[in-house]
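Take a look at the structure below.
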Amino acid sequence: MRLTITAEMLAALERAGDKPDWLIAQVTRMRADGEPYILPLGSQQSTALEELCAMNIRMTPDGRVKPEHAALDALSTLVLENY
Numbered sequence: 000m001r002l003t004i005t006a007e008m009l010a011a012l013e014r015a016g017d018k019p020d021w022l023i024a025q026v027t028r029m030r031a032d033g034e035p036y037i038l039p040l041g042s043q044q045s046t047a048l049e050e051l052c053a054m055n056i057r058m059t060p061d062g063r064v065k066p067e068h069a070a071l072d073a074l075s076t077l078v079l080e081n082y
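Sequence positions in the sequence shown follow numbering that gives the first Met the number 0 and run 0 to 82.
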């Protein structure tokens with residue numbers, strides 16, 4: 000799978016905690032290469048990325064995604080829609 004991600008998604012990945020080494024390398028590469036940000040993923044990597052997004056998304060007391068985590072929520076959805 001190859002995903003085209005937004006600058007906001009890339010910035011959210013840069014801020015996310017507990018990134019595996021392969022994702023750190025991909026984020027660094029995409030930042031260096033510039034737009035469009037293309038993220039190639041194998042099946043295990045796509046699962047790991049979706050789980051990473053889910054772990055880093057925070058919700059408001061009423062159950063909505065906090066605005067500062069919207070890009071990770073959108074990236075999680077993108078992975079699931081393209082799996």
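Virtual Cβ for every residue (Gly too), placed ideally from N, Cα, C.
Query, Result
"Please go through the region 17-58 and give each complete alpha helix (DSSP H) segment of 4 or more residues, from N-terminal end onward.", "20-32 and 42-55"
"Are the CB atoms of A31 and A70 within a distance shorter than 9 Å?", "no"
"Among the residues of its own chain, which have a CB less than 8 Å from the CB of L9, if the five just before and after it don't count?", "V26, M29, R30 and Y36"
"In three-state DSSP terms, what is R14?", "helix"
"Are L38 and T76 closer than 9 Å when you measure CB to CB?", "no"
"Just verifying my parser: in three-state terms, what is the DSSP assignment at T3?", "strand"
"Use the C-beta contact count for D72: other C-beta atoms within 10 angstroms, 16 or more gives buried, fewer gives exposed.", "buried"
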